[in-house]
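Colleague:
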Amino acid sequence: LVITSSHDEALDLYDEIAFFRGREADAGNYDAQDMLVFPPLETHPYEHLATHPDVSGQRVWTLYQLCRREKPALVITCMEALLQKTLPRNILLRACQRIRVNDDLDREPLSRGLIECGYTRVSLVEDRGDMSIRGDVMDIFPPGYPRPLRISFFGDTVESIRAFDQVTQRSCAEYQEALMVPVKEAILNGETITTFSNKTLEPPWKKMFAEGRGKAFAESIQSGFFPAGIEYGLTVEFADDATRAMVPRAN
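Numbering-wise (this note's numbering), the sequence shown opens with residue 85 and increments by one.
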């Protein structure tokens, strides 16, 4: 773990190490990603601004790698990012899904699960966190990949997984499997929404979420929508003893 004084310094250090190593991390090969960046949230509490999906997605992707990889990895971050809370390890791992060619998948539960993890359904996938469904084709732009993925189905069977260019829509790489990790650090499923709703009935949270912006914030979460600044409400959304700092505790 390398800690710098700012995120800009962390990015500069990452680029320098990558240059001297003479290669870049392979987004399609999880074991090859032995150098990771953990950025800070680009927003601040009470700003009423949403964190960019590239930032939140990179944070979640790095956390997943730390949870699952067996080989050592170099993680470059800054003090600000290190001090910010994130989602619990067990909830992160349950929210991730690996899709393989020839898998049988029901697209409706898959789509619903992605939306619970912060993905946005759109007509045309352009940005990270976007997803679309057109007939037997599902386009998704998950964290950890430089380009969006196009999953083609034959009935309920995954026929192919290909990366594609957002502008030309042409395929540029093919994968045998793909990993879908959340694009936000908050997961809005039945379990987490119930936990949040119960917490808002307890002091001191009850007064905070009873009126004004706090009430609107709570109502958005209870309706399954991601309000701006939701990353700063993780202590309320998850149990107090489940929210961890940056590095998840190993089993």
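Think of the CB as a built atom: it goes at the ideal place given N, C-alpha and C, for glycine as much as any other residue.
Please read all numbers here as calculations on a predicted model, not as lab measurements.
1) Given a cut-off of 9 angstroms, decide if V209 and F225 are closer than it, judged by their beta-carbon atoms.
2) Going by C-alpha to C-alpha distance, which of V86, T135, L171 sits closest to T276?
3) Can you grab the Cα-Cα spacing for the pair L85 / P124, in whole Å?
4) Between A302 and the rest of its own chain, which residues show a CB-CB distance below 6 angstroms, the 5 nearest in sequence each way excluded?
5) Give the DSSP bridge partners of L233, in chain order.
6) Exposed or buried, which one is P137 when buried takes at least 16 other CB atoms within 10 Å?
7) What number of angstroms, rounded off, separates the C-alpha of E200 from the C-alpha of P193?
8) Just how far apart, CA to CA, sit E295 and W289?
9) Check this for me: beta carbons of G213 and G228, under 9 angstroms apart or not?
10) Tell me whether the segment 150-170 and the segment 234-241 touch, counting them as touching only if at least three CB pairs, one residue from each stretch, are closer than 8 angstroms.
11) Once you ignore the five residues that flank D266 on each side, which residues in its own chain have a CB closer than 6 angstroms to its CB?
12) Using a 10 Å radius around the Cβ and a threshold of 16 neighbouring Cβ atoms, would you call S140 buried or exposed?
13) Smallest Cα separation from E286: which of N174, K268, V320, F310?
14) Just to confirm before moving on: does the CB-CB distance between M119 and Y148 stay below 9 angstroms?
15) To the nearest angstrom, report how far apart L198 and D211 are at their CA atoms.
16) Let me know if T135 comes out buried or exposed under the rule of 16 or more other beta-carbons within 10 Å of its beta-carbon.
17) Quick one: what's got a C-beta closer than 7 angstroms to N186's C-beta in the same chain, skipping five residues either side?
18) Using the beta-carbon count (16 or more within 10 Å), is F310 buried or exposed?
19) Can you give me the Cβ contacts of L336 inside the same chain, cut-off strictly under 6 angstroms, excluding the 5 residues immediately before and after it?
Modeller: Put simply:
1) Yes, they are a contact pair.
2) Minimum Cα distance to T276 is reached at L171.
3) Their backbone Cα atoms lie some 15 angstroms apart in a straight line.
4) The residues T284, F293, in chain order, have a CB closer than 6 angstroms to that of A302 in the same chain once the five nearest residues on each side in sequence are set aside.
5) According to DSSP, L233 bridges with I224, A247.
6) Here P137 is buried, its C-beta having at least 16 other C-beta atoms within 10 Å.
7) Their backbone Cα atoms lie some 10 angstroms apart in a straight line.
8) Taking the CA atoms as reference points, E295 sits about 11 angstroms from W289.
9) For the pair G213 and G228, the CB atoms are not nearer than the 9 angstroms cut-off.
10) At 8 angstroms Cβ cutoff, the stretches do not touch.
11) Here residue 266 turns out to be Pro, not Asp, going by the sequence shown. If the five residues before and after P266 are omitted, its C-beta is found closer than 6 angstroms to the C-beta atoms of V144, A179, C201, G202, all from its own chain and listed in chain order.
12) Counting the other CB atoms within 10 Å of its CB gives S140 a total of 16 or more, which places it among the buried residues.
13) Answer by Cα proximity: V320.
14) Y148 sits away from M119, with the two beta carbons spaced by 9 angstroms or more.
15) If I take the Cα positions, the gap works out to 15 angstroms.
16) So T135 ends up on the buried side.
17) Its chain contains T241, V242 as the residues whose beta carbon lies nearer than 7 angstroms to that of N186, once the 5 sequence neighbours on both sides are disregarded; these appear in chain order.
18) So F310 counts as buried.
19) One cannot answer for residue 336 here, as it falls past the ends of the chain, which runs 85 to 335.
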